[in-house]
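Enquirer: Read in the UniProt record's numbering, the sequence shown has 168 at position 168, and its numbers run on one by one without any break.
A single structure is presented below for examination.
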Amino acid sequence: MNRVYVYDTTLRDGAQTEGVSFSVADKLDVVTRLDQLGVDYIEGGWPGSNAKDLEFFYRLKSLPLRHSRVVAFTSTRRKGQKIEQDEPMKMVLGTDLAHCAVVGKTWDFHVEKALQTDLLENLAMIRDTVRFLKDRDIEVLFDAEHFFDGYSNNSVYALEALYTAKNAGADWLILCDTNGGALPSAIARAVADVRANGLGPVGIHAHNDGGLAIANTLFAVDAGATQVQVTVNGLGERCGNADMCSVVPNLVHKMKHVCTMGEQGLRDLKSISEHLYTLTGIKPQAHQPYVGRSAFAHKAGIHVSAVMRDPKLYEHLAPDAVGNERRVLVSELSGASNIAFYLESRGVQATPAQIQEILGQVKLAEQKGYVLEHAPETLEWIVSRALFDNKGRAALHASAECHSVEHGMECHWQWLDKEEGRHETPGVGVGRTETEALFSAAGFAAQGVVLINAITTEIIHSDQSARCRVRVEFEALGRYGCFMGVGYDSLSASVDALTQMAELFHFRQADKTAETAV
């Protein structure tokens, strides 16, 4: 069991993600959250590369931090230039930070083709830059760019670059799989050789171009690395970097290493993951390990039955260890255990016969074309219809007509209460689509319901007559919900969804009146 340091580069390498741009306020917010998480190092950005980073480092000086060390990022001096004249280095010193990451070439091919200089000059660039910073009592993390490609092509030179940085005073040697194409076995061999040559301490910086950033990071630690460089949600250039939300739980819970983030920091992983998705505007990845919405979701009936006996039967880790939660899905693959879990989680008591009735209705609904995983309110409507007796049912029916008008649709809607045999006063509404116009005509807005979105799709395969599916997203009293209707066209599918909405609201009101849980 070793102490492993966590180095987050979300604000530098993560900011290089296509479509991502952090404001200064965003960066300060992320620093605060990472510090609260207990991250050891936070790479803040490249001083002087842009105006935002200049302002960020200036405002950072007044930001109180409890745990994290913020790191400035820079490169080795330019070829043929004295380090004292290097403008980026002057920018680094202007941050007043005590920690700096210096990226330097370790692949001979890159030295000659990208830098267009000779191998000895590159070593001098590394030595001069590291020594300049160490003379000013700054902690230096030497980022050995393209190290694994360099090691594969010319191991003698790649190691010589590391020796040069170490002899100049570098505190850390960070081995980078910059192109992201190395395999775990190659990573492990190279890291082990570096350690066998007396070099260290060693860190790992893995990119995900081969889909192996997480595996490569863990293999590097197994081989002797004691620092992992990661980003939240695996943000990063091209295919991204190693995902903190997977790397750290694996280090702590699987490999039994020690990280300063601790148990509370791990429990906050899902929260910071969601926050970064919000900041970046990237859609959350439901199947993301550990923190994704589906990471602890169970769908098959046999799985749910086992999980209800003992979660360890189908869960490798308790969901709350990373701030997540167990979810049981209800679909055509469900068994009675899925329905029982659904009801119990909502405090609803039901007889075995009622559970079987609900299960039958669920399977019938999905056969017709409903996808209940995407429509929780439709599922609640099915459950409510099964649990309410005939007197409690809303027994509503709707008729609707729509026709085109300028800039949209106009719809006429009329409710029929089948129990009392009466028609309510027809409603008229307009909207850009049939669903919007129907929503307006049905009078939901007067009840405080806001239509958020309506998505119409064609049902490709169905054993029933339904050929169209409409998903209606809404908000009522601050609560988000979604119904799904099916029908032979978008009009009938929309009527189906909105009729469900009216009936469910009726059930909920009856539930409050009767003080029963539904």
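Note that the Cβ used here is the ideal one computed from N, Cα and C, for glycine as well.
Give the DSSP-derived three-state secondary structure of residue 299 in the structure shown.
Expert: Along the sequence shown, read from residue 1 onward, the residue named residue 299 stands at position 299. Coil, per DSSP.
Enquirer: Is the beta carbon of residue 373 closer than 7 Å to that of residue 329?
Expert: To locate residue 329, count along the sequence shown from 1; it is residue 329. To locate residue 373, count along the sequence shown from 1; it is residue 373. Cβ distance < 7 Å, so residue 329 and residue 373 count as in contact.
Enquirer: Taking 7 Å as the threshold (C-beta atoms), are residue 26 and residue 279 in contact?
Expert: Along the sequence shown, one-based indexing puts residue 279 at 279. Along the sequence shown, one-based indexing puts residue 26 at 26. Against a cut-off of 7 Å, the Cβ pair of residue 26 and residue 279 comes out as a contact.
Enquirer: If I measure Cβ to Cβ from residue 52 and keep anything under 6 Å in the same chain, skipping five residues before and after, which residues do I get?
Expert: As a first step, residue 52 is located in the sequence shown; it is residue number 52 there, counting from the start. Closer than 6 Å at the Cβ level, and outside the excluded window around residue 52, lie 24.
Enquirer: Alpha carbon to alpha carbon, how far is residue 165 from residue 127?
Expert: By 1-based counting over the sequence shown, the position of residue 165 is 165. By 1-based counting over the sequence shown, the position of residue 127 is 127. Near 6 Å, if we compare the C-alpha coordinates of residue 127 and residue 165.
Enquirer: To the nearest angstrom, report how far apart residue 47 and residue 114 are at their CA atoms.
Expert: Position 47 of the sequence shown, counted from the first residue, corresponds to residue 47. Position 114 of the sequence shown, counted from the first residue, corresponds to residue 114. Their Cα atoms are separated by approximately 22 Å.
Enquirer: How long is the line joining the alpha carbons of residue 367 and residue 381, rounded to whole angstroms?
Expert: Within the sequence shown, residue 367 is the residue found at index 367, counting from 1. Within the sequence shown, residue 381 is the residue found at index 381, counting from 1. Looking at the two C-alpha atoms, the distance is approximately 17 Å.
Enquirer: Per DSSP, what kind of secondary structure is residue 8 in: helix, strand or coil?
Expert: As a working mapping, residue 8 is identified with position 8 in the sequence shown. Note: residue 8 maps to strand in three-state DSSP.
Enquirer: Among 209, 215, 220 and 178, which has the Cα closest to the Cα of residue 188?
Expert: Translated into the one-based positions of the sequence shown, residue 188 becomes position 188. Of the candidates 209, 215, 220 and 178, the one whose C-alpha sits nearest the C-alpha of residue 188 is 220.
Enquirer: Quick one: give me the first and last residue of the alpha helix (DSSP H) that residue 279 is part of.
Expert: Here residue 279 refers to the residue found at position 279 of the sequence shown. 269–280 is the span of the alpha helix (DSSP H), which, as asked, contains residue 279.
Enquirer: Identify whether residue 193 lies in helix, strand or coil by the three-state DSSP scheme.
Expert: To locate residue 193, count along the sequence shown from 1; it is residue 193. Of the three classes helix, strand and coil, the one that applies to residue 193 here is helix, per DSSP.
Enquirer: Which residue's Cα is closest to the Cα of residue 295: 305, 284 and 88?
Expert: Position 295 of the sequence shown, counted from the first residue, corresponds to residue 295. Closest option to residue 295, Cα to Cα, is 284.
Enquirer: Terminal residues of the continuous beta strand (DSSP E) containing residue 484?
Expert: In the sequence shown, counting from the first residue as 1, residue 484 sits at position 484. Run containing residue 484: 479–487, per the beta strand (DSSP E) assignment.
Enquirer: Determine the direct distance from the alpha carbon of residue 236 to that of residue 15, and round the result to whole angstroms.
Expert: Start at 1 with the first residue of the sequence shown, and residue 15 comes out as number 15. Start at 1 with the first residue of the sequence shown, and residue 236 comes out as number 236. Near 7 Å, if we compare the C-alpha coordinates of residue 236 and residue 15.
Enquirer: Select from 311, 215, 83 and 144 the residue whose C-alpha is nearest the C-alpha of residue 124.
Expert: As a first step, residue 124 must be located in the sequence shown, where it is residue number 124. It is 83.
Enquirer: Report the rounded CA-to-CA distance for residue 13 versus residue 6, giving the unit in angstroms.
Expert: Locating residue 13 in the sequence shown gives position 13, counting from the first residue. Locating residue 6 in the sequence shown gives position 6, counting from the first residue. Approximately 15 Å, taken between the alpha carbons.
Enquirer: Who pairs with residue 294 in a beta bridge, going by DSSP?
Expert: As a first step, residue 294 is located in the sequence shown; it is residue number 294 there, counting from the start. According to DSSP, which records beta bridges pairwise, residue 294 is partnered with nothing at all.
Enquirer: Tell me the rounded alpha-carbon separation between residue 377 and residue 32.
Expert: Numbered from its first residue, the sequence shown carries residue 377 at position 377. Numbered from its first residue, the sequence shown carries residue 32 at position 32. Roughly 37 Å between the two C-alpha positions.
Enquirer: What do you reckon, are the CB atoms on residue 322 and residue 291 nearer than 7 Å?
Expert: Position 322 of the sequence shown holds residue 322. Position 291 of the sequence shown holds residue 291. Yes.
Enquirer: Tell me, to the nearest whole angstrom, how far the beta carbon of residue 148 is from that of residue 177; I am working on the premise that it is less than 8 Å.
Expert: For the purposes of this step, residue 148 is taken as the residue at position 148 of the sequence shown. For the purposes of this step, residue 177 is taken as the residue at position 177 of the sequence shown. At roughly 5 Å, the Cβ-Cβ gap stays under 8 Å, so residue 148 and residue 177 are in contact.
Enquirer: So, under 8 Å CB-CB, residue 4 and residue 259 are touching, yes? Tell me the CB distance rounded to an integer number of Å.
Expert: Reading the sequence shown from its first residue, position 4 is the one you call residue 4. Reading the sequence shown from its first residue, position 259 is the one you call residue 259. The pair is a contact, with the Cβ atoms about 6 Å apart (cut-off 8 Å).
Enquirer: Report yes if the CB atom of residue 413 is closer than 7 Å to the CB atom of residue 431, and no otherwise.
Expert: The sequence position of residue 413 within the sequence shown is 413, counting from 1. The sequence position of residue 431 within the sequence shown is 431, counting from 1. Not in contact: residue 413 and residue 431 (Cβ atoms no closer than 7 Å).
Enquirer: Pick helix, strand or coil for residue 73, following the three-state DSSP scheme.
Expert: Stepping through the sequence shown from its first residue, residue 73 is reached at position 73. Here residue 73 sits in strand by DSSP.
Enquirer: Is residue 381 helix, strand or coil when you go by DSSP?
Expert: Counted from its first residue, the sequence shown places residue 381 at position 381. Residue state, collapsed to three classes: helix.
Enquirer: Have a look at residue 472 and residue 172 and give me their C-alpha separation to the nearest angstrom.
Expert: Reading the sequence shown from its first residue, position 472 is the one you call residue 472. Reading the sequence shown from its first residue, position 172 is the one you call residue 172. Taking the straight line from one Cα to the other gives about 54 Å.
Enquirer: Following the continuous alpha helix (DSSP H) through residue 166, name the residue where it begins and the one where it ends.
Expert: Your numbering for residue 166 matches position 166 in the sequence shown. Its alpha helix (DSSP H) spans residues 155–167.
Enquirer: Would you mind sorting residue 121 into buried or exposed? The rule is 16 or more other CB atoms within 10 Å of its CB.
Expert: Residue numbering aside, residue 121 sits at position 121 when the sequence shown is read from its first letter. It is exposed - the Cβ of residue 121 has fewer than 16 other Cβ atoms within 10 Å.
Enquirer: Determine the burial state of residue 185: buried for a count of at least 16 other Cβ atoms within 10 Å of its Cβ, exposed for fewer.
Expert: By one-based count along the sequence shown, residue 185 stands at place 185. Label assigned to residue 185: exposed.
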